[in-house]
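Asker:
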Amino acid sequence: MTKNIKILKVGGSVITYKNKDSELNIHVVKQIAKDIFLWLRKNKSNQLIFTAGAGSFGHPLAYKYQLNAESLQKDPFGFVLTTTNMQNMANRVARIFHYFKVPLFPIMPSSIFMTNKGRIISAYIDTINEALNRGLTPFLWGDTVIDRSHTFRILSGDQINPYIVENLKVKELYFGTNVDGIYDSDPLKNHDATQIKKINDDNYKSILTSISESGNLDVTKGMRGKVEEIHRIKVRPLKCIIFNALIKGNTYKALSGQKVGTKIKFE
1 MTKNIKILKV
11 GGSVITYKNK
21 DSELNIHVVK
31 QIAKDIFLWL
41 RKNKSNQLIF
51 TAGAGSFGHP
61 LAYKYQLNAE
71 SLQKDPFGFV
81 LTTTNMQNMA
91 NRVARIFHYF
101 KVPLFPIMPS
111 SIFMTNKGRI
121 ISAYIDTINE
131 ALNRGLTPFL
141 WGDTVIDRSH
151 TFRILSGDQI
161 NPYIVENLKV
171 KELYFGTNVD
181 GIYDSDPLKN
191 HDATQIKKIN
201 DDNYKSILTS
211 ISESGNLDVT
221 KGMRGKVEEI
231 HRIKVRPLKC
241 IIFNALIKGN
251 TYKALSGQKV
261 GTKIKFE
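Here it is in structure tokens:
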């Protein structure tokens with residue numbers, strides 16, 4: 001039986017406290033793990049790939065050592081410190097998921113991806129595919145990787161996801177964030193911000209201009225970068241849901257097809 005593969009990406013601002021170095025939001029991780037367990041149990045014809053942002057485990061170190069700067073030479077010690085700290089986060093998340101009987105399988109992105117000028121040029125995707133075939137839930141995260149032109153470079157989860165989508169022909173992407181979806185301005189700064197319920201081929205360009213970038217210390221491009229990466233994906237049709245993963249039960253609702261967040265669909 002062919003199984004439907006879905007990708008769930010949870011932001012670093014959801015699973016970590018971004019204003020505290022290397023601190024996991026254990027309560028929220030438990031909520032998400034429980035929701036995924038319940039969804040997998042009721043949807044046995046589906047498989048899930050779980051990805052996460054670096055949050056406070058990755059961004060402060062990457063910023064300190066300028067791992068996303070345009071300079072060709074970067075501190076190798078800064079690289080190993082950052083990627084090791086990300087492994088620490090991944091292992092802590094995995095242990096929580098295992099408690100809730102989700103077979104989360106951490107796959108270190110810096111071991112299977114290589115970039116050139118910040119874009120993926122090679123990856124060993126077979127590891128992900130074979131993990132799915134064996135009933136595992138692959139887990140990848142934003143990481144620092146070896147870059148052919150810039151020594152080292154940051155590879156965000158929002159770039160990893162499109163690559164997996166195109167290579168495994170995934171048709172559904174889910175993004176758990178710290179807000180209820182896409183807004184016409186930053187809802188964390190503007191209480192009058194209006195939520196955008198749907199984004200499609202017709203309104204993509206106009207909406208993109210109103211999406212604010214992240215206000216946190218983030219060496220990737222926040223919500224705008226996320227939407228741009230989604231639009232670059234070559235697979236069509238493509239369905240994406242951006243929702244608030246801080247709210248209990250929302251992860252289950254999103255994966256189950258219930259109305260939550262902003263729906264993005266490109267034909």
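For what it's worth, the UniProt record's numbering labels the leading residue of the sequence shown as 1, then goes sequentially. Glycine is no exception: its CB is placed at the ideal position from the N, C-alpha and C atoms. Since the model is a prediction, treat every value here as computed from it, not as a measurement.
#1: Can you have a look at residue 271 and say buried or exposed, based on whether 16 or more other CB atoms are within 10 angstroms of its CB?
#2: Run through DSSP, which three-state label would Phe100 get?
#3: Please work out which residues of its chain come closer than 6 Å, Cβ to Cβ, to Asn200, disregarding the five sequence neighbours upstream and downstream, and give them in chain order.
#4: Leaving out the 5 sequence neighbours to the left and right, which residues in its chain are closer than 8 Å to Lys239 when beta-carbon positions are compared?
#5: What are the boundary residues of the beta strand (DSSP E) that Asn46 is part of?
#6: Relative to the alpha-carbon of Lys226, which residue among Gln159, Ser111, Ala94 and Trp39 has its alpha-carbon at the smallest distance?
#7: Does the segment 132-152 come close enough to the segment 77-89 that 3 or more CB-CB pairs lie under 8 Å?
#8: Whole angstroms are fine: how far does the CA of Trp39 sit from the CA of His98?
#9: To which residues of the same chain is Ala193 closer than 8 Å at the C-beta, ignoring the five residues directly before and after it?
#10: Would you kindly check if the distance between the Cβ of Gly261 and the Cβ of Ile242 is under 8 Å?
#11: What are the start and end residues of the beta strand (DSSP E) that includes Ala62?
Answerer: So, from the listed chains and residues:
#1: Absent from the structure is residue 271, since the part of the chain shown begins at 1 and ends at 267.
#2: Note: Phe100 maps to coil in three-state DSSP.
#3: Setting aside the 5 residues that flank it on each side, Asn200 is surrounded in the same chain by Lys265, each with a C-beta closer than 6 Å to its C-beta; the list follows chain order.
#4: Only Lys171, Glu172, Leu173, Lys263, Ile264 and Lys265 meet the Cβ criterion.
#5: Unbroken beta strand (DSSP E) run through Asn46: Asn46 to Ala52.
#6: Checked all of Gln159, Ser111, Ala94 and Trp39; the closest Cα to Lys226 is Gln159.
#7: By the Cβ test, the segment 77-89 is in contact with the segment 132-152, since at least three Cβ pairs between them sit closer than 8 Å.
#8: Roughly 15 Å between the two C-alpha positions.
#9: Cβ within range, chain order: Tyr183, Asp184, Ser185, Asp186 and Pro187.
#10: Closer than 8 Å, so yes.
#11: No beta strand (DSSP E) holds Ala62; the alpha helix (DSSP H) holding it covers Gly55 to Lys64.
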